[in-house]
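2 protein chains.
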Amino acid sequence: MLELFYPSSVAVVGASAEKGSVGNTILNNLKSFKGEVYAVNPKYSEIEGVKCYPSILDAPDVDLAVIAVPARFVPKTIEECGRKGVSYAVIISAGFKETGSEGAALERKIVEIANKFGVRIVGPNCLGIMNPEINLNATFSSVMPEYGKVAFLSQSGAFILSVSVWAKKTRFGFSKVVSLGNKAMLDESDFIEYLANDNSTEAIMLYIEGIQNGKRFMEIAKKVAKKKPIIVMKSGKTESGSKAASSHTGSLAGSYEVYKAAFEQSCIVTAENVEELFDFSFALSKYRKVGDVAIITNSGGPGVMASDAVEIYGLKLAELSLDTVKKLKEVLPAAANFYNPVDILGDADTTRFLKAFDIVEKDENVGTILAILVPTASINFGEILKRVIKSTKPLFCCFTGLSGEEEEILIKNRIPNFFDPVRAVKTISAVKKYASFEFEEEVEDIEFEVDRRNAEEFISKKTGYVGVEGLELLKYYGINVAPFGIAKNADEAEEIAEKIGYPVAMKVVSPDIIHKTDFGAIKLDVTRENVRDTFFELVSRIEKFLPHARIEGVLVQKMVKGGREVILGAKKDPQFGNIVMFGLGGIYVEVFKDVSFRIAPVSKREAYKMIKSIKAYNILKGVRGEKMADLDSLAETIVRFSRLSIDYPILEMEINPLKVFEKGCVAIDFRMVLEGDIK
Amino acid sequence: MLELFYPSSVAVVGASAEKGSVGNTILNNLKSFKGEVYAVNPKYSEIEGVKCYPSILDAPDVDLAVIAVPARFVPKTIEECGRKGVSYAVIISAGFKETGSEGAALERKIVEIANKFGVRIVGPNCLGIMNPEINLNATFSSVMPEYGKVAFLSQSGAFILSVSVWAKKTRFGFSKVVSLGNKAMLDESDFIEYLANDNSTEAIMLYIEGIQNGKRFMEIAKKVAKKKPIIVMKSGKTESGSKAASSHTGSLAGSYEVYKAAFEQSCIVTAENVEELFDFSFALSKYRKVGDVAIITNSGGPGVMASDAVEIYGLKLAELSLDTVKKLKEVLPAAANFYNPVDILGDADTTRFLKAFDIVEKDENVGTILAILVPTASINFGEILKRVIKSTKPLFCCFTGLSGEEEEILIKNRIPNFFDPVRAVKTISAVKKYASFEFEEEVEDIEFEVDRRNAEEFISKKTGYVGVEGLELLKYYGINVAPFGIAKNADEAEEIAEKIGYPVAMKVVSPDIIHKTDFGAIKLDVTRENVRDTFFELVSRIEKFLPHARIEGVLVQKMVKGGREVILGAKKDPQFGNIVMFGLGGIYVEVFKDVSFRIAPVSKREAYKMIKSIKAYNILKGVRGEKMADLDSLAETIVRFSRLSIDYPILEMEINPLKVFEKGCVAIDFRMVLEGDIK
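Here the protein sequences line up with chains A and B, keeping their order. Here the first sequence is numbered in our numbering, starting from 70 and rising by one per residue. Here the second sequence is numbered in our numbering, starting from 70 and rising by one per residue.
Below, the structure written as structure tokens:
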């Protein structure tokens with residue numbers, strides 16, 4: 070994308086002499102660019118002192134075309150760009166997919182033409198792109214931020230307008246700014262891939278509302294995140310993808326949960342608001358890891374706020390070494406606090422602060438320094454900055470009362486500075502989050518022994534809803550299930566029960582009965598003397614209440630006592646493919662929504678993370694003297710379940726409950742919806 | 070406190086000619102004050118052009134003395150202030166309680182002297198006070214914020230230094246600023262009480278690390294909050310008040326939880342960080358309530374962010390009336406969004422925005438407007454501000470790219486403006502929080518029939534730990550308990566069991582056995598044939614394993630089946646007296662820490678709030694076809710339990726479990742620790 074971000078020549082197609090118009094604004098914005106700039110518009114020979122050509126075909130060589138003509142003229146323009154050999158076209162013009170089916174057809178057409186000629190397209194319906202490093206503002210935002218190390222990709226052009234003004238004011242710098250628009254051709258994944266090797270970029274900041282090809286995004290993001298942190302804010306969180314669903318997984322896997330799982334698995338740091346997006350990106354453009362936090366402060370209050378926040382955000386206060394404490398005692402007054410937070414007191418002067426800083430910085434137990442200074446007469450920030458910008462440990466500041474010049478020193482050295490100590494600590498925790506990611510692909514440690522032939526045969530016979538009889542399928546995937554058989558008549562039921570042992574559970578097998586308990590289609594704890602009666606009772610009850618339900622038999626299953634009940638769910642997501650959910654059964658899922666998600670396939674390492682990330686993990690570990698549940702078996706079951714979910718066209722699938730024992734786990738009940746009509 | 074905040078004359082005792090010294094800085098800061106200012110220091114006759122007296126006794130009449138002499142001279146100075154008839158002394162000097170027992174003695178001494186003469190003291194060990202309204206800066210912060218409608222009380226002087234510089238820069242205004250210091254005499258409660266009637270103050274902002282007299286604070290705060298919102302940030306959250314404790318209540322009632330409960334009960338809005346503290350205070354200085362939110366935006370992205378946040382922060386998007394939608398369709402282009410959020414599109418000009426604003430503002434379904442405008446060429450903020458400052462509905466803005474003058478217009482009209490839409494919505498939710506408080510004292514609707522004579526007799530016989538036999542005490546307070554009796558021998562056990570019916574639970578009564586289950590000191594589901602054997606088994610087991618335990622008998626109790634198990638706890642807090650905890654039994658408390666707290670006594674209304682505020686409330690309401698639990702009986706039990714906890718010197722008390730049925734609830738087990746030795 071060198072020709073896009075570092076073009077030798079830029080043409081504005083649809084340039085205009087009308088002040089305030091988009092075509093005029095873009096041309097004006099390009100004036101600060103040092104390369105060649107041409108205008109294209111048959112109505113003028115010159116605009117704003119820039120030479121104007123009737124067609125791009127008439128202009129000299131062009132790397133980048135910025136197109137601001139009405140939508141209906143865009144196809145022709147792209148074709149001319151193609152014939153001219155233009156590498157990149159940024160299409161500002163609106164009136165495409167966002168307006169409905171006609172616009173979508175027009176959009177497909179321009180992509181077709183562009184592909185034919187090898188022109189790569191940004192947009193349409195976008196604000197444009199910026200490269201502040203070379204003063205290239207190919208947008209209609211009249212304000213361009215300064216140059217910095219953060220690249221910014223945004224699905225909202227308006228947000229870029231707002232950010233540009235704010236960034237200019239606060240001196241937040243960008244390496245590249247891209248308005249993604251309709252993403253007809255180039256999308257966030259393409260830009261992330263390019264930015265991985267862009268020497269001017271140290272962190273990639275992303276604002277998105279949706280991602281089309283989730284799998285590709287995850288693959289690229291994970292690869293790039295290893296080299297450069299990616300920080301994302303996703304909005305459109307609450308438009309729940311599935312208002313009504315036939316399973317817990319369905320109702321809990323709202324679109325934002327899916328995105329969050331995908332980000333986590335792709336080693337992307339998530340921001341929940343605009344402030345976090347900028348704070349995290351700025352810090353991660355410099356720091357890739359942090360350690361235990363040492364706080365040095367001349368003010369008790371803000372020091373306490375920061376200490377609180379360290380615990381609240383899951384960080385640790387560094388335990389200062391005895392040597393450090395001894396040295397601090399030598400340089401600080403007796404009333405100071407020599408432990409962490411190190412309080413050098415309100416009357417501290419520059420020298421006292423610097424002495425404390427030197428000592429704390431050298432402590433091997435200190436991984437990160439948070440320096441808090443309120444402006445007192447004896448503090449000379451100029452002197453202090455000279456020293457702290459050379460900090461050998463990741464440094465975060467709460468310095469209030471800096472001059473503009475002093476602020477600039479911190480910005481240029483990419484040292485984050487905050488008024489609010491809590492916000493500083495939250496930002497440190499974001500760096501820690503990044504550092505906690507495991508970028509290396511793990512070696513797959515489960516040899517899959519899957520009976521694919523039988524699994525395929527099972528699936529091929531089913532359409533729509535599959536009930537408890539689907540336990541058969543789990544068996545083919547090596548998942549342990551409670552012994553069972555399907556009886557067509559009472560004799561068979563008795564036979565099966567005798568074989569597997571009493572008591573048994575009996576469940577009607579029917580593609581038409583989704584909520585078995587609601588219709589009394591299930592009986593638990595059936596003893597030898599009751600098997601026959603129960604068979605008849607179940608069948609006749611269904612025949613009475615649901616006369617049209619097809620009964621395929623009665624499943625007779627060993628009653629499994631004890632164990633801790635968990636739920637495994639899977640659900641197909643349009644962007645990311647199948648997503649897997651894990652949670653503790655019953656109330657934990659229903660009331661506390663205490664579940665974790667991953668995009669399938671789930672590796673064993675990720676499966677362990679899923680298990681450990683729910684609050685009820687403690688229950689699996691064993692509370693009140695219970696033994697620990699077999700987490701290894703559980704993790705392996707998740708891996709196999711996740712694989713099953715992507716091997717066949719499964720819309721939804723759930724094992725509920727899966728019982729986890731001290732040794733092994735057993736699937737008790739199952740349901741699944743295959744793609745196709747639900748009968 | 071008129072003489073404190075609006076003095077006619079101020080004397081600086083310990084004024085100094087030495088540049089940069091505290092005594093010099095204060096004198097300099099007072100130069101902008103229009104009243105009389107005197108210096109007091111025997112070494113000078115004039116400092117910085119201010120007349121200097123050897124003693125305050127030599128000066129003309131003084132309302133307010135600001136004292137910056139070494140600690141050892143403060144008693145004499147206060148005495149002189151007293152003899153002079155000075156009303157208020159702000160003691161800047163440090164070296165008192167904060168330095169240890171000697172300093173504490175000195176502090177007691179100055180309070181004694183001050184009381185004798187009727188001098189009221191702010192501090193010592195404080196930064197001073199400010200009244201920007203009359204340019205009174207009686208602190209050693211060289212920067213004073215502008216005048217505004219928020220009063221600021223801070224336990225940290227350093228924080229005021231930091232805030233002053235930040236506030237000056239962002240033009241956040243204050244009506245009064247008070248550095249509380251050691252609070253030897255005047256504390257936050259006194260100032261809050263005064264500010265209730267201060268016409269210049271519309272909201273009270275409080276930063277504290279601890280409160281001494283919690284009960285008095287709550288009483289005053291609740292009264293004042295009704296007139297003026299109080300917003301508090303408490304730090305020192307994580308220094309858990311009780312590291313080891315003998316009950317769930319003890320381990321969960323960390324000091325911050327107690328404070329949060331107290332704030333909630335006192336109708337105080339809590340801020341979790343500095344940013345929230347300022348955002349909430351500014352908004353609440355103007356708005357006392359908000360309604361459903363209408364978003365008007367010229368930018369899709371930020372509009373979506375705000376909509377997400379509305380749901381996340383528990384607010385509601387206003388449902389625009391049909392009439393509104395119709396009118397919007399008349400004035401907006403076809404591609405706009407006429408529903409909430411109202412998207413007037415990126416090309417919207419000032420007129421289009423104002424038309425949409427007029428229409429939305431008139432809609433009766435709209436309670437609050439969030440206007441989001443990114444800076445485009447066609448938006449003229451000057452024009453827009455003229456109109457929106459007259460908004461008849463509470464207005465919050467996300468206007469980016471305002472000039473300094475335009476920003477000032479919003480500030481002067483106290484209209485909050487944010488860069489981050491999420492932060493704007495969070496602030497709206499804080500106003501909603503304030504509006505949700507119930508300020509009126511409820512009429513006590515439970516007539517307490519308490520058998521106080523028997524209760525007192527019971528307590529008088531006990532010291533330290535009291536076990537399950539304390540159910541007796543609950544009975545005297547009208548709390549329903551499972552029928553029981555205490556047997557001294559097997560015959561009695563049988564007799565009691567026969568009377569109450571089988572099966573029974575049998576529990577050893579001993580002040581020395583706190584964890585009954587650990588020693589097998591409890592047997593459940595005992596049948597008629599086993600009562601005698603069980604009695605002997607229990608007693609002999611204790612005699613074997615705990616030969617020194619005193620056995621007072623065996624409690625024989627009716628087994629109560631079913632019901633939902635909850636825990637009621639009480640714990641004495643040094644600041645607030647007894648605190649009551651409520652949660653669902655077992656795993657909910659242990660794993661999810663899903664509990665609620667209130668300061669005792671708890672009214673029935675508050676008891677209902679406690680019940681409804683836990684996540685597991687849904688379980689009490691009945692999930693999976695269960696009937697709703699008897700919340701009224703539960704609430705009444707909480708009220709009675711809370712009353713019991715304050716009527717006697719109880720350190721800790723717990724009913725665990727209390728079983729709640731469709732009708733009524735029953736206490737099953739009990740433990741209590743009385744003040745005094747735990748034997």
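We put the beta carbon where it would ideally sit given N, CA and C, even for glycine.
Query                                                                                                                                                                          : Result
What does the Cβ neighbour count give for E433/A, buried or exposed, with the cut at 16 atoms within 10 Å?                                                                     : exposed
So, do the segment 217 to 231 of chain A and the segment 164 to 177 of chain A have three or more beta carbon pairs nearer to each other than 8 angstroms?                     : no
Below 8 angstroms on the Cβ atoms is my guess for L397/A versus A425/A; work out the distance and round it to an integer in Å.                                                 : 6 angstroms
Taking the alpha helix (DSSP H) that Q334/B falls in, what are its first and last residues?                                                                                    : 324 to 334
Taking DSSP as the reference, what is the three-state secondary structure of H317/A?                                                                                           : Any reading at H317/A needs caution, since the residue's pLDDT is 49, under 50, leaving its predicted position unreliable; the model's value is listed next. H317/A: helix per DSSP, three-state reduction.
Determine which residues share a DSSP beta bridge with R285/A and list them.                                                                                                   : Note: R285/A sits in no beta bridge, so no partner.
Taking the alpha helix (DSSP H) that L689/B falls in, what are its first and last residues?                                                                                    : 686 to 690
Listing by chain order, which chain B residues have their CB less than 9 angstroms from the CB of E444/A?                                                                      : It is Pro, not Glu, that sits at residue 444/A in the sequence shown. Neighbours of P444/A on chain B, chain order: S210, S211, V212, L230, S231, S233, V234.
Just checking: is the beta-carbon of K312/A within a distance shorter than 9 angstroms of some beta-carbon in chain B?                                                         : Bear in mind that a pLDDT of 33 at K312/A, under 50, signals an unreliable position, so the number given afterwards is only what the model happens to contain. With 9 angstroms as the cut-off, K312/A does not count as an interface residue toward chain B.
Give me the DSSP bridge partner(s) of K238/B.                                                                                                                                  : Its beta-bridge partners do not exist; DSSP assigns none.
Please state whether DSSP places T339/B in a helix, a strand or coil.                                                                                                          : strand
Tell me the residue span of the beta strand (DSSP E) that contains D701/A.                                                                                                     : First-last for D701/A: 700 to 716, but that is the alpha helix (DSSP H), not the beta strand (DSSP E).
For E344/A, return the contacting residues in chain B, with the cut-off set at a CB-CB distance below 7 angstroms.                                                             : D489, R492
Please name the residue in T532/B, V82/B, E148/B, Q224/B whose C-alpha comes closest to that of G745/B.                                                                        : T532/B
Could you check the C-alpha separation between I480/B and I300/B for me, to the nearest Å?                                                                                     : 19 angstroms
For D377/A, does the count of other Cβ atoms within 10 angstroms reach 16, so buried, or fall short, so exposed?                                                               : buried
Looking only at its chain, what residues have a beta carbon closer than 6 angstroms to the beta carbon of F661/A, apart from the 5 residues adjacent to it on each side?       : none
Using DSSP bridges, identify the partner residues of V362/B.                                                                                                                   : L386/B, T437/B
Which of the residues in the segment 258 to 282 of chain A, read from start to end, lie with their CB under 7 angstroms from any CB of chain B?                                : Y276, E278
Of all the residues that make up the segment 638 to 657 of chain A, which are near chain B by a beta-carbon distance shorter than 7 angstroms?                                 : I656
Let's see if you can read the secondary structure: which residues bound the beta strand (DSSP E) around A574/A?                                                                : 573 to 578
Sorted by chain position, which residues of the same chain lie with C-beta nearer than 8 angstroms to Y545/A's C-beta, five sequence neighbours on each side aside?            : V519, D520, R521, N523, A524, F527
Drop a sphere of 10 angstroms on the beta-carbon of M274/B, count the other beta-carbons inside from all chains shown, and report buried for 16 or more, exposed for fewer.    : buried
By the 7 angstroms beta-carbon criterion, what residues does the segment 88 to 110 of chain A contribute toward chain B?                                                       : G89, T94
May I ask which residues mark the beginning and end of the beta strand (DSSP E) holding N549/A?                                                                                : No beta strand (DSSP E) holds N549/A; DSSP gives it neither H nor E.
Would you call the CB atoms of G187/A and V373/B closer than 9 angstroms?                                                                                                      : no
Kindly indicate which three-state DSSP category A265/B falls into: helix, strand or coil?                                                                                      : coil
Give the residues of chain A in contact with N367/B, contact being defined as C-beta atoms less than 8 angstroms apart.                                                        : A227
Using the beta-carbon of each residue, which ones in chain A are nearer than 8 angstroms to I688/B?                                                                            : I656, V660
In or out: F286/A buried (at least 16 other Cβ within 10 Å) or exposed?                                                                                                        : buried
Taking all protein chains shown into account, do 16 or more other C-beta atoms lie within 10 angstroms of the C-beta of D560/A, making it buried, or fewer, making it exposed? : exposed
Answer yes or no: does any C-beta atom of chain B fall closer than 9 angstroms to that of D377/A?                                                                              : yes
Could you check which residue in R421/B, K145/B, A163/B has the C-alpha nearest to that of E181/B?                                                                             : K145/B
For the putative contact between I147/B and A158/B, defined by C-beta atoms under 8 angstroms, what is the C-beta separation to the nearest angstrom?                          : 6 angstroms
Entirely within the segment 84 to 113 of chain A and at least 3 residues each: give me those beta strand (DSSP E) ranges in chain order.                                       : 105 to 109
Using a Cβ cut-off of 9 angstroms (strictly closer), state whether K329/A contacts chain B.                                                                                    : no
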